[in-house]
Ligand SMILES: NC(=O)c1ccc[n+]([C@@H]2O[C@H](COP(=O)([O-])OP(=O)(O)OC[C@H]3O[C@@H](n4cnc5c(N)ncnc54)[C@H](O)[C@@H]3O)[C@@H](O)[C@H]2O)c1
Ligand SMILES: O=C(O)[C@H](O)COP(=O)(O)O
């Protein structure tokens, strides 16, 4: 799969280095940060790529209007403003720049913790109002206090390291970070229920997902120390805003540092205006350094992808990473061709399971890419022939979704250590009734070759390339007879290969110089069945 990146739209405020890098690499770029939703819907059809920050809402409507979109880039971390599910279904890559703004977001979190504990916001405001009030703004030290970090990923870890220098004890929770790993940055991993009563400060650094929505709510505030302070530089909604207001009003929560809100900008500023709240308008990543970094990174990632070098930052395209690896590319192509041939030879079977068996060591990690590619070939033919609506752009990104929809189960199995002398890959198409079609292929140089069907070996491996006819016989038929029949059907044969005939079946591949334009009457009288494939 190659990505043709001719024209990219930048619809949010992104550093100009992004435009420079893209243009230097021959990509036309338009930056327009003032597009209304309606304008964006009209404009987007003309672009192959879109780059945003958090302001542009890349909804299903926008993605559907982007009929030429191949890639959506987020110059930043959170992709919650992009409908990644719809993009994936349409075969569009979604990419972010993980890490580019980590330090800035971590520093902003630390700034809010410090500002909260010394009432900096209100104290500064009172000075601006011409007041000298030293008593009202008595603070507390951070030294010796406990900071709970929910989400021990990139930002959570950097916050821990920085706040430890103030003498804070850091504890935390993350479902995928082990206690050993969190111990490497001096943070004791604990389950949430143990954390709540211990924390003097709680800071959240998770994505906003169903599991983290309203993670800190009325019940949690009830389990915390009276006066606990909370900080959210992650996403609005991880702390329940209504519950927070109630806790601030009752004094159960002693203060909140908020950079993000459920609605941005908020319609209701009650929370931001509360005297114990320090609020900033989503400034976590707003530093010169972070903005240059994310702009540079997203542009370079776009260029690397278009030039087939890397897929760094893609959040929805694991399989594609293998497809871009030059060493694996021919195998990925072979897999798709085996899928196409398999779909022709299983026309009479109701396939419900497809298994890819891998006999090459170099392909051990490429199972999901090979399966996705087999299914592109299989579905492209079988959906078309069943009269189903074919997705416009069936590719390695959305093939798993359409496979799931088709009800076919898929697996890949590494057979390298099985001691068998086989090479290449084998695809087994299995029906509910227990019938199996097994086809095997290998790569020679860059060429895809079919080596056997149903364990019937081809005397000379057949080339899977271009306009091809796959046929089946139930007894040996001479190649001369088959070529003669094909020529009577107006075909120009460039090569032919046949398998041995065992247990009443044999298979063959006819390579053609030109596409088939008429019926295969003579051929169909000479072999049992013949199918046209474009490979
Ligand atoms: N305010 C800003 O300007 C700003 C800037 C950068 C990032 N962010 C946001 O900060 C958040 C964290 O970013 P990051 O780069 O550290 O991401 P990350 O992926 O490195 O870390 C997030 C961590 O959250 C953990 N997590 C997921 N579900 C969890 C749960 N139920 N409970 C506890 N932990 C859970 C994950 O396992 C992961 O380790 C993201 O939401 C991102 O969008 C905001
Ligand atoms: O997830 C992120 O990267 C931050 O929320 C930054 O968002 P921004 O690019 O809109 O500042």
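In the UniProt record's numbering, the protein residues as written are 1 to 535.
Backbone N, C-alpha and C fix where the C-beta goes; we use that ideal spot for every residue, glycine too.
These numbers come from a predicted model, not from an experiment.
Which of helix, strand or coil does DSSP assign to residue 120? Residue numbering aside, residue 120 sits at position 120 when the chain shown is read from its first letter. Looking at residue 120 - three-state DSSP - the assignment turns out to be helix.
Which residues in the same chain have their Cβ closer than 6 Å to the Cβ of residue 366, if we skip the five residues on either side of it in sequence? Locating residue 366 in the chain shown gives position 366, counting from the first residue. Answer for residue 366: 322, 328, listed in chain order.
Output the distance between the C-alpha atoms of residue 142 and residue 33, rounded to the nearest integer angstrom. Locating residue 142 in the chain shown gives position 142, counting from the first residue. Locating residue 33 in the chain shown gives position 33, counting from the first residue. Looking at the two C-alpha atoms, the distance is approximately 41 Å.
contact_flag[the stretch 91–98, the stretch 68–81] where n(CB pairs < 8 Å) is 3 or more: yes
To the nearest angstrom, report how far apart residue 536 and residue 155 are at their CA atoms. Nothing about residue 536 can be read from this structure; the chain reaches only from 1 to 535.
Should the stretch 110–128 be called in touch with the stretch 75–88, which here means at least 3 C-beta pairs below 8 Å? no
Contact between the stretch 171–182 and the stretch 225–242 is defined here as three or more beta-carbon pairs at a separation below 8 Å; is this criterion met? no
Assigned secondary structure, residue 307 (DSSP; H/G/I helix, E/B strand, else coil): Working through the chain shown from its first residue, we reach residue 307 at position 307. Of the three classes helix, strand and coil, the one that applies to residue 307 here is coil, per DSSP.
Once DSSP output is grouped into helix, strand and coil, what is the label at residue 56? Walking along the chain shown from the start, residue 56 turns up at place 56. Note: residue 56 maps to coil in three-state DSSP.
Taking DSSP's pairing of strands, which residues face residue 467 in a bridge? Locating residue 467 in the chain shown gives position 467, where the first residue counts as 1. 534, per the DSSP bridge assignment.
Can the beta-carbon of residue 216 be found less than 8 Å from the beta-carbon of residue 195? Counting from one through the chain shown, the residue named residue 216 turns up at place 216. Counting from one through the chain shown, the residue named residue 195 turns up at place 195. Contact: no.
Going by other Cβ atoms of all chains shown within 10 Å of its Cβ, with 16 needed for buried, is residue 4 buried or exposed? Residue numbering aside, residue 4 sits at position 4 when the chain shown is read from its first letter. Exposed, since its Cβ has fewer than 16 Cβ neighbours within 10 Å.
How long is the line joining the alpha carbons of residue 530 and residue 357, rounded to whole angstroms? Sequence index remark: in the chain shown, residue 530 carries index 530 (1-based). Sequence index remark: in the chain shown, residue 357 carries index 357 (1-based). For residue 530 and residue 357, the distance between alpha carbons rounds to 26 Å.
Between which residues of its own chain and residue 290 is the CB-CB distance below 6 Å, once the five residues before and five after are set aside? Here the question's residue 290 lines up with position 290 in the chain shown. Excluding sequence neighbours, residue 290 sits near 101, 104.
Three or more C-beta pairs under 8 Å: does that hold for the stretch 121–134 against the stretch 294–303? no
Within its chain, find whatever has a CB closer than 6 Å to the CB of residue 66; leave out the 5 residues flanking it on each side and keep chain order. Stepping through the chain shown from its first residue, residue 66 is reached at position 66. If we look at residue 66 and ignore the five residues flanking it on each side, its Cβ neighbours are 44.
Name the residue from 29, 410, 242 whose alpha carbon lies nearest to the alpha carbon of residue 270. Mapped onto the chain shown, residue 270 falls at position 270. Here the closest residue by C-alpha is 242.
If you run the structure through DSSP and keep just helix, strand and coil, what is residue 522? Taking the first residue of the chain shown as 1, we reach residue 522 at position 522. Helix.
Check whether residue 427 and residue 374 have beta carbons under 8 Å apart: Counted from its first residue, the chain shown places residue 427 at position 427. Counted from its first residue, the chain shown places residue 374 at position 374. Yes. Within cutoff.
Of the residues 489, 501, 505, 515, the one placed nearest residue 522, counting alpha carbons only: Translated into positions along the chain shown, residue 522 becomes position 522. For residue 522, the nearest C-alpha among the options comes from 489.
Is the Cβ-Cβ distance between residue 479 and residue 496 less than 8 Å? Numbered from 1 along the chain shown, position 479 holds the residue referred to as residue 479. Numbered from 1 along the chain shown, position 496 holds the residue referred to as residue 496. Yes. Within cutoff.
Less than 7 Å between the CB of residue 53 and some heavy atom of ligand 2, yes or no? On the chain shown, position 53 is the one that residue 53 refers to. Checking the Cβ of residue 53 against ligand 2 gives yes.
Less than 7 Å between the CB of residue 205 and some heavy atom of ligand 2, yes or no? Position 205 of the chain shown holds residue 205. False, no ligand heavy atom lies under 7 Å from that Cβ.
Where does the unbroken beta strand (DSSP E) through residue 31 begin, and where does it stop? For this step, residue 31 is matched to residue 31 along the chain shown. Segment 28–31, the beta strand (DSSP E) holding residue 31.
Give me whichever residues DSSP pairs with residue 429 in a beta bridge. Here residue 429 corresponds to residue number 429 of the chain shown, with the count starting at 1. 354, 437.
Would you check if the stretch 344–353 and the stretch 432–439 touch, i.e. whether three or more CB-CB distances between them fall below 8 Å? yes
Which residue's Cα is closest to the Cα of residue 191: 274, 518, 151, 136? Against the chain shown, residue 191 aligns to sequence position 191. The candidate whose alpha carbon is nearest that of residue 191 is 151.
Assign residue 9 to buried or exposed, taking buried as 16 or more other Cβ atoms, counted over all protein chains shown, within 10 Å of its Cβ. Within the chain shown, numbered from 1, the residue matching residue 9 stands at position 9. It counts as buried.
Within the same chain, show all residues whose beta-carbon is closer than 6 Å to that of residue 539, passing over the 5 residues directly before and after it, in chain order. Residue 539 cannot be examined here, being either before or after the span of the chain that is shown, 1 to 535.
Taking C-alpha atoms, which residue in 408, 481, 266, 204 lies nearest to residue 257? Position 257 of the chain shown, counting from 1, holds the residue named residue 257. Checked all of 408, 481, 266, 204; the closest Cα to residue 257 is 204.
Using 8 Å for Cβ pairs, my map puts residue 370 next to residue 401. What's the rounded Cβ distance? As a working note, residue 370 is residue 370 in the chain shown. As a working note, residue 401 is residue 401 in the chain shown. With a Cβ gap of about 17 Å, residue 370 and residue 401 do not count as contacting.
Could you tell me which of 169, 213, 468, 501 sits nearest to residue 198, measuring between CA atoms? Sequence index remark: in the chain shown, residue 198 carries index 198 (1-based). Per the Cα distances, 169.
Give every residue of the same chain whose Cβ lies closer than 7 Å to the Cβ of residue 149, excluding the five residues on either side of it in the sequence, and list them in chain order. Counted from its first residue, the chain shown places residue 149 at position 149. Here the set comprises 156, 159, 160, 170, 172, 187, 203, 205.
Could you tell me which whole alpha helix (DSSP H) segments of length 4 or greater appear in the stretch 62–91? 84–89
Residue 221 versus residue 355 - alpha carbon distance: Counting from 1 along the chain shown, the entry for residue 221 is found at position 221. Counting from 1 along the chain shown, the entry for residue 355 is found at position 355. Taking the straight line joining both Cα atoms gives about 50 Å.
Can you tell me where the alpha helix (DSSP H) with residue 341 in it begins and where it stops? Indexing the chain shown from 1 puts residue 341 at position 341. Taken as a continuous stretch (DSSP letters only), the alpha helix (DSSP H) holding residue 341 covers 329–345.
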